[in-house]
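If you count the sequence shown from 1, position 96 lands on 96 in this note's numbering, and the numbers rise without skipping. Have a look at the structure below before the remarks.
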Amino acid sequence: MKKEASAKILANVKEKPYFVRGNFVLYNADSLKILEQLPENSIDMIFADPPYNLSNGGFSVHAGRMVSVNKGDWDKSKGFKDDYEFHYRWLEACKKVLKPGGTLWVSGTYHSIYQCGHAIQSLGYHILNDISWFKPNASPNLSCRFFTASHETLIWARKEKKGKHTFNYGLMKTGNWPEDQLKKPGLQMRSVWSMGTPKPFEKKFGKHPTQKPLSLLQRIVLASTQKGDVVLDPFAGSSTTGLAAAANQRKFIGIDTEKKYLDLSIKRFGDVDKKLL
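Here it is in structure tokens:
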């Protein structure tokens, strides 16, 4: 990150970064603690994949094996009221640091996305789109008592109702998107995206339980930012958002409470960084 840019945005953050390399900065902390120290109107785009609160002792299938859905204490529900207040607080903190034309992306399943959507509207964000991310290779439904969950919802919102946000319409329409079988060449990109879950090479250093495919974050970064913009992820996990930002000349600030996932982020970034040199 350029010295003047990082100095201005991160100057008041008391916590020492867990990792810094050029345009890529990671913090091991509660996201609220870092967000409250950032200056207002300083971030161009935020992507957030908050806890889904579905670690309930159940099971799913992965690679033909039955596995627990429990991801860690960070993903356990504390009850509807507490879960909603959690989402409201971090979304409020994000709104403060976004630039007037800045945008927010939030990813989730039905366990969390409706609470996030309600909070987003209550806080005065302006919703631009809801995107359905269809997963052709989703895990099967073991109970056979309801439809197989095969999509996640992405909410894309601008900080304020009035404002000019970045949307690289031409690139989305005419760009090359071979991973998406629903995207027709030369036609407008629609709000249903077909992309598989992360490929094996994306997990060669280890995996995060809710890891997103790099192709998904590449599209989001390219659609809603310009080169040199500052992208922030308050629940960075293994930093797929950061990899997409770094690969496309954007600045990245990632925050996560779990050191093991930040260590995984560093390994993944090192691999991408070598290819960029």
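Every residue, glycine too, gets a C-beta built ideally from N, C-alpha and C.
Name the DSSP beta bridge partners of K251, please? Position 251 of the sequence shown holds residue 251. Paired residue(s): V230.
May I ask which residues mark the beginning and end of the beta strand (DSSP E) holding M45? The sequence position of residue 45 within the sequence shown is 45, counting from 1. Unbroken beta strand (DSSP E) run through M45: I43 to A48.
Strand pairing of N129, partner residues [DSSP]: In the sequence shown, the residue the question calls residue 129 occupies position 129. According to DSSP, which records beta bridges pairwise, N129 is partnered with W156.
Below 8 Å, how does it come out for the stretch 224–232 and the stretch 40–48: are there three or more Cβ pairs, yes or no? yes
Which runs of the alpha helix (DSSP H), 4 residues or longer, sit entirely within the stretch 97–124? 113–122
Just to confirm my understanding: we take G101, look at its own chain, exclude 5 residues before and 5 after, and list those with CB closer than 6 Å. What are they? For the purposes of this step, residue 101 is taken as the residue at position 101 of the sequence shown. Excluding residues within five positions, the ones whose Cβ falls inside 6 Å are G163, K164 and H165.
Taking 8 Å as the cut-off, does the stretch 113–120 touch the stretch 140–151 (at least 3 CB pairs, one atom from each stretch)? no
Do the stretch 152–159 and the stretch 127–141 meet, that is, are 3 or more Cβ pairs less than 8 Å apart? yes
Check for me: the alpha helix (DSSP H) holding Y169 runs from which residue to which? Within the sequence shown, residue 169 is the residue found at index 169, counting from 1. Y169 to T174 is the span of the alpha helix (DSSP H), which, as asked, contains Y169.
Chain-order list of residues whose beta-carbon lies under 6 Å from that of V25 (same chain, five-residue window excluded): Within the sequence shown, the letter at position 25 stands for residue 25. Once the five neighbours on either side are set aside, the close Cβ partners of V25 are P17 and I253.
Just checking my contact of D256 with G237 at CB under 8 Å: how many whole Å lie between their CB atoms? Taking the first residue of the sequence shown as position 1, residue 256 is located at position 256. Taking the first residue of the sequence shown as position 1, residue 237 is located at position 237. Their Cβ separation, rounded to whole angstroms, is 6 Å, which keeps D256 and G237 in contact under 8 Å.
Quick one: give me the first and last residue of the alpha helix (DSSP H) that S215 is part of. Translated into the one-based positions of the sequence shown, residue 215 becomes position 215. Unbroken alpha helix (DSSP H) run through S215: L214 to S224.
Can you give me the C-alpha to C-alpha distance between N137 and H87, rounded to a whole angstrom? The residue given as residue 137 occupies position 137 in the sequence shown. The residue given as residue 87 occupies position 87 in the sequence shown. Approximately 29 Å, taken between the alpha carbons.
So, is F41 buried or exposed, given that buried needs 16 or more other C-beta atoms within 10 angstroms? Counting from one through the sequence shown, the residue named residue 41 turns up at place 41. In the sequence under discussion, the amino acid at residue 41 is Asn, which differs from the Phe named in the question. Per the 10 Å Cβ criterion, exposed.
Beta-ladder partner(s) of S238, from DSSP: For the purposes of this step, residue 238 is identified with residue 238 of the sequence shown, where counting begins at 1. Looking at the DSSP assignment, S238 forms no beta bridge with any residue, so it has no partner.
Span of the beta strand (DSSP E) holding L32? As a working mapping, residue 32 is identified with position 32 in the sequence shown. Not the beta strand (DSSP E): L32 falls in the alpha helix (DSSP H), residues S31 to L35.
Is the separation between the beta-carbon of H208 and that of L264 shorter than 8 Å? The sequence position of residue 208 within the sequence shown is 208, counting from 1. The sequence position of residue 264 within the sequence shown is 264, counting from 1. Yes, the pair counts as a contact, with Cβ atoms nearer than the cut-off.
Inspect the beta-carbon positions of A39 and W90 and report whether they are closer than 8 Å. Counting from one through the sequence shown, the residue named residue 39 turns up at place 39. Counting from one through the sequence shown, the residue named residue 90 turns up at place 90. The residue asked about is misnamed: residue 39 is Pro in this sequence, not Ala. No.
Length of the line joining the Cα atoms of M172 and D30: Indexing the sequence shown from 1 puts residue 172 at position 172. Indexing the sequence shown from 1 puts residue 30 at position 30. Roughly 34 Å between the two C-alpha positions.
DSSP state of F134 mapped onto helix, strand, coil: In the sequence shown, the residue the question calls residue 134 occupies position 134. Residue state, collapsed to three classes: strand.
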